[in-house]
Each structure stands twice: as C-alpha cells, then as structure tokens.
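Novice:
Protein chains: 2
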Amino acid sequence: MRELPVQLATKLYGAAELIADQGLDNTKIDDIAEASGVPKATLYYYFTGKEEILAFLLKDLLTAIAGDVAVAVSAEGRASERLAGVVRAQLGVMLRNPASCRALVGDLGRATRLPELAAALSAAFYEPVEKLLREGAEDGSLRRAEDPMSEAVMIFGTVTIAGLMEAIMGAHREMDAIANGVARLLLDGLAPRSPGATGA
Amino acid sequence: MRELPVQLATKLYGAAELIADQGLDNTKIDDIAEASGVPKATLYYYFTGKEEILAFLLKDLLTAIAGDVAVAVSAEGRASERLAGVVRAQLGVMLRNPASCRALVGDLGRATRLPELAAALSAAFYEPVEKLLREGAEDGSLRRAEDPMSEAVMIFGTVTIAGLMEAIMGAHREMDAIANGVARLLLDGLAPRSPGATGA
DNA sequence: TGAGAGTTTGGACTATCAGTACAACACAGG
DNA sequence: CCTGTGTTGTACTGATAGTCCAAACTCTCA
C-alpha cells in the first residue's frame, strides 16, 4: 500500500458508511469508487484490494482511539479516575465515528486476521490499559489484577460492545450517560457495595 | 431454507473451522462442499446461499448457548451465583465450539445484519440475563441496575471478548480460571473492595 | 520553457466463483 | 412398477474483483 495523500484519505471516509451498512463483501469496489468519488483505477493504484481499504479505515479509527486513550491514561489523578477517562475516550471516538466503528466491529473477524490491525489494537488499547491497571495497584485505587492483560481485553470488550450497541441503535443516549454506566460496571461491579468504598 | 436432516447438519460443522479461519467471503462454496463432504448441488438444495449456511451454524451455536444459559439462570441460589453460572455456561459453549465461535464473532457484522440472528441472540442471552439482574436486585445479591438491558449487553460483550480471545489464542487456560476472572470483574469490579462484601 | 518522473483516470479485458438449470439416479411407500 | 421426494454430477451464466495499458495531467528541476 502506497503512502496515501490526505485529500484522498478524506474522501474514503464517505465509503465507511457503505461498508458498515452492507459489510465488505456486499460492497462492490465500484460502489466504493462511486461513494467516495475516487475512481476505481486510482483505488487500485494505492491499495492492493478491498481488504486493504477496510484495513486503512480501521487502522485510522484505532489510531484515533490510541491518541485519545493515551491522553486519558497519562492525565492527572488516580488510576481509577483515569480509567474512567479511558472509557470516555474510547466511547467518544466510537460515537464520533459510528460508521467506521460499525465497520470495525462488523468485520472484526477480518480485523483479527489482519496482523497489523491486531498490533494496532494492542498498541491503542491493551498496552496502555494494562499499564494503567498496574498503576492502579500501586496507588491503591484499583485492586491488584492477577492477569492485567486479560483484564485489559475484557475492558476493551465491555466498552466496545457498549459503544457498538449505541452505534447500531443510533446513539439515543448522551455519551456521558453511556460512559458512566460502563465505568460504573467496570469499577464497582454488579455486586452491591458496602457504603463508602468505591472508585471514580 | 428447507428442514435439514441431522446427518447433513453434522457434516456442516466441519466447514465451520474453514469459515472461522478465512472469513465467509474468502471461503468458496466449493471449499465448503469439499470440507463438509456435502456436494455443492445438495448445499444449494437446502440453502439459498453462503450466508444461510453461516446463519445456520451461528443459530446453532446461539441455541446451544441459550440452552446452557437458561439452565444457569434458573438454577438454585442467589442471583449473583447464578450470574457466575451464566458466565461459565457461555464460556463453556464457546470453548467447546471454538470454530463456530470464531466464525460468529468474526462475522458479527453479518450476524447483526441477519435479523433472525439478532432475535436469537436476544433470546439466548439478553433477556435471561436481564431477568437475572432484576432478580438480583430483589434478593439483594446484585445492585439495582439503572438500565438492565444495557448492562446485559455489556456483560455479553465482556464474556464474548474474553471467550473469543481464548478461542483465537487456542485456549491455554482452564475454562474455570477464565470464568472466575470474568465473573470477578463483573461482580466485584476493578476498584478495591472493603473487606467482607462481595458476590459469588 | 520543456523534459522527465510520478500520479490520475477511463476503459477494455480476464479470471474466478456464486448461483442456476437440469437430467440422471436412489429409494421410499403405495 | 410407479410416483414423489431427496441427492448428485455437470454444464452453464452472470457478476465482479482485479489487471493492464495508454493517455492525460501535475509538479519539479534545470
């Protein structure tokens, strides 16, 4: 895949919705060309095929998530508060890019089969969150995890499915309401808390 | 889709792995025919196309999950314990059918686009868990949820991603270890608990 | 100004594969 | 033996992903 001019990249976002709606294999290359305004021949000049176009869009989304998550992770405050920030960050990106987000989750399988995406996902989310969990154990705001990696994975799953549900349904709730719900589940769990001991 | 003879259904499972590995659209009908031992003409006698074959496999998996989840939901004990049972049930089915499970999550987007699957998923998981959450609020073993539906969705996401990760990685951990980790996150959350107040 | 490199595009072409058509065959029950 | 229901091989069609190429266009450097 050749280096992509910005202007062209921008046009491609127009195709994300199409892919999200129909799935990649129900979307003809010619449809993508038409929806984005980029001629087919040009698409093939830059990409080796459909999959690479999807991969580009998804990597872009993951990069956006990575950026916002990184900011949240290295903010001020206790780890538990920053974790809530991470949740808000990921949900924020997802709700701002519902089409790419639906395409990502919709073609999650393909995504897991694209190695560079797995790496991007890991860098965007798992590693920072894992680090955050360790810091939480230090500052006492989070319990010590036996297996921070798999907890990070679960956290990602929780946030992702919550965000996806909104993206599919068409985001009828405020982002903050959703983020609070997710953060509460993750921090406090479902069991009742004895009064006066909670995170964020 | 015609009523499917059991013998034929059994053969089809052999194709699930193929689909899980490659994704549906990289899998040729002829490959499915070869892998399952069911001739292409017979496949088209029963199914209208590829998608319907996938839908059959997924519906089958969801039915299995629905069955085990239903048992767990209506077991003895407090709701918190039964919720842990639900987690074990879903993970159990997923780990016993890693191929279908990967195919399901891999083609999740397609799945969300197949209305009967969305309905099956809802019946298999969301509704029973939502009911369980309400019961937990009654018996005091779970906190009262503001929005049980969306909590049920998040729970599903957490369990699913955890299970998927194992299915992809090749299940190096014991099912019980995974299930305990998931149940602990869901019930207790990540914030430290004051001693002596916890679920399951 | 103009040569040359890289980019952009239209359009024709090929190869692959999903899905169809159909005829032949198997095998049941009456 | 006849008829209906499943089963299968084979040949076919149509759609479309991806290739190829030549013409045009743009930018840079001399």
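Top to bottom, those sequences are chains A and B. Under our numbering, think of the first position of the first sequence as 608, with each following residue one higher. Under our numbering, think of the first position of the second sequence as 608, with each following residue one higher. We treat Cβ as the ideally placed atom computed from N, Cα and C, and that holds for glycine. Given the structure is predicted, the values throughout are model-derived calculations rather than measurements.
At 7 Å on the CB atoms, spell out the chain A contacts of Met761 (chain B), in chain order.
Specialist: Within 7 Å Cβ-Cβ: Thr765, Ile768, Ala769, Val789 and Leu792.
Novice: Just confirm the distance between the C-beta atoms of Met782 (chain A) and Leu698 (chain A), as a whole number of angstroms; I'd bet it's less than 8 Å.
Specialist: At roughly 6 Å, the Cβ-Cβ gap stays under 8 Å, so Met782 (chain A) and Leu698 (chain A) are in contact.
Novice: Between the Cα of Asp746 (chain B) and the Cα atoms of B:Glu734, B:Arg800, B:Gly621 and B:Gly684, which residue gives the shortest distance?
Specialist: If we check each option's Cα against that of Asp746 (chain B), B:Gly684 comes out closest.
Novice: Val760 (chain B) to Arg720 (chain A), Cα distance in whole Å?
Specialist: About 25 Å.
Novice: So, at 7 Å on beta carbons, what are the nonlocal neighbours of Glu624 (chain A) in its own chain, with the 5 sequence-adjacent residues on each side left out?
Specialist: Counting only Cβ-Cβ distances below 7 Å, and skipping sequence neighbours, we find Ala706.
Novice: Around the C-beta of Leu644 (chain B), are 16 or more other C-beta atoms found within 10 angstroms, so that it is buried, or is it exposed?
Specialist: This sequence places Gly at residue 644 (chain B); Leu is not what is there. Gly644 (chain B) comes out exposed.
Novice: With a threshold of 7 Å between beta-carbons, can Ala798 (chain B) be considered close to chain A, or not?
Specialist: Closer than 7 Å: yes.
Novice: Nearest to Arg750 (chain A) by alpha carbon, out of A:Ala673, A:Arg695 and A:Gly796?
Specialist: Nearest C-alpha to Arg750 (chain A): A:Gly796.
Novice: Taking 7 Å as the threshold (beta carbon to beta carbon), is Leu698 (chain A) in contact with chain B?
Specialist: Taking Cβ atoms only, chain B never reaches closer than 7 Å to Leu698 (chain A), which makes this a no.
Novice: Of all the residues that make up the region 725-757 of chain B, which are near chain A by a beta-carbon distance shorter than 8 Å?
Specialist: Result list: Leu740, Gly743, Gly747, Ser748, Leu749, Arg750, Ala752, Glu753, Asp754 and Ser757.
Novice: Would a C-beta distance cut-off of 7 Å place Arg695 (chain B) and Ala786 (chain B) closer than the cut-off?
Specialist: Yes, the Cβ-Cβ distance between Arg695 (chain B) and Ala786 (chain B) is below 7 Å.
Novice: Kindly examine the ligand GTP and report whether one of its heavy atoms sits closer than 6 Å to the Cβ of Met701 (chain A).
Specialist: The ligand GTP is absent from the structure shown, which contains no ligand whatsoever.
Novice: List, in chain order, every chain A residue whose beta-carbon is nearer than 9 Å to that of Met772 (chain B).
Specialist: Ser757, Val760, Met761 and Gly764, listed in chain order.
Novice: Does DSSP classify Asp714 (chain A) as helix, strand or coil?
Specialist: It is coil, neither helix nor strand.
Novice: Quick one, which of A:Thr765, A:Ser801, A:Val736 and A:Val789 has its alpha-carbon nearest Ala680 (chain A)'s?
Specialist: With the sequence shown as reference, residue 680 (chain A) is identified as Val, and Ala is not the correct amino acid for it. Looking at the Cα atoms, A:Val736 is the closest of the given residues.
Novice: When DSSP labels each residue in this structure, what does Met608 (chain A) get in the three-state scheme?
Specialist: Reduced to three states, the DSSP call for Met608 (chain A) is coil.
Novice: Whose Cβ in chain B lies nearer than 7 Å to the Cβ of Ser687 (chain A)?
Specialist: Ala798, listed in chain order.
Novice: Give the list of continuous alpha helix (DSSP H) stretches no shorter than 4 residues that lie fully inside the region 703-754 of chain A.
Specialist: Runs found: 705-713, 715-720, 722-728 and 734-746.
Novice: So what's Ala759 (chain A) in DSSP terms, helix, strand or just coil?
Specialist: Looking at Ala759 (chain A) - three-state DSSP - the assignment turns out to be helix.
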